[in-house]
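Q: Residue numbers (the working numbering): 3 to 117.
Just so it is clear, CB atoms sit at the ideal spot from N, CA and C, and this is done for glycine as well.
My questions all concern the structure below.
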């Protein structure tokens with residue numbers, strides 16, 4: 003994988019690569035990345051990404067725009083981070099690279115410690 007990546011979804015979406023904050027652009031690529039991050043390691047369909055980026059009133063061209071935003075995100079995160087897998091895309095992250103993953107690990111450790 004590329005340089006150390008950190009994605010924060012608890013609060014405003016934020017991405018850091020090697021400690022530097024990355025500008026993801028507008029709302030649509032940010033929404034698409036958030037949808038991928040919340041399902042890290044699993045395939046998120048193009049339809050789900052359209053829903054995340056455009057909502058229920060998505061124009062027909064939205065399906066064709068998803069690969070453009072995926073390309074932009076690959077440039078920002080590293081090409082190997084987002085895989086094309088039918089019927090959509092999957093974000094490759096270690097649990098420690100996502101703040102939600104770290105939070106869930108800490109909650110699990112606390113539950114074990116209390117038991």
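1) Check whether the stretch 96-111 and the stretch 55-73 are in contact - that is, three or more C-beta pairs closer than 8 Å.
2) Nearest-angstrom Cα distance between residue 28 and residue 17?
3) Tell me which residue opens and which closes the alpha helix (DSSP H) that residue 60 is part of.
4) Going by DSSP in three states, residue 9 sits in which element: helix, strand or coil?
5) On the premise that residue 11 lies in contact with residue 39, defined as a C-beta separation below 8 Å, what is that separation, rounded to the nearest angstrom?
A: The answer reads as follows:
1) no
2) 14 Å
3) Segment: none, residue 60 is in no alpha helix (DSSP H) and carries neither H nor E.
4) strand
5) 5 Å
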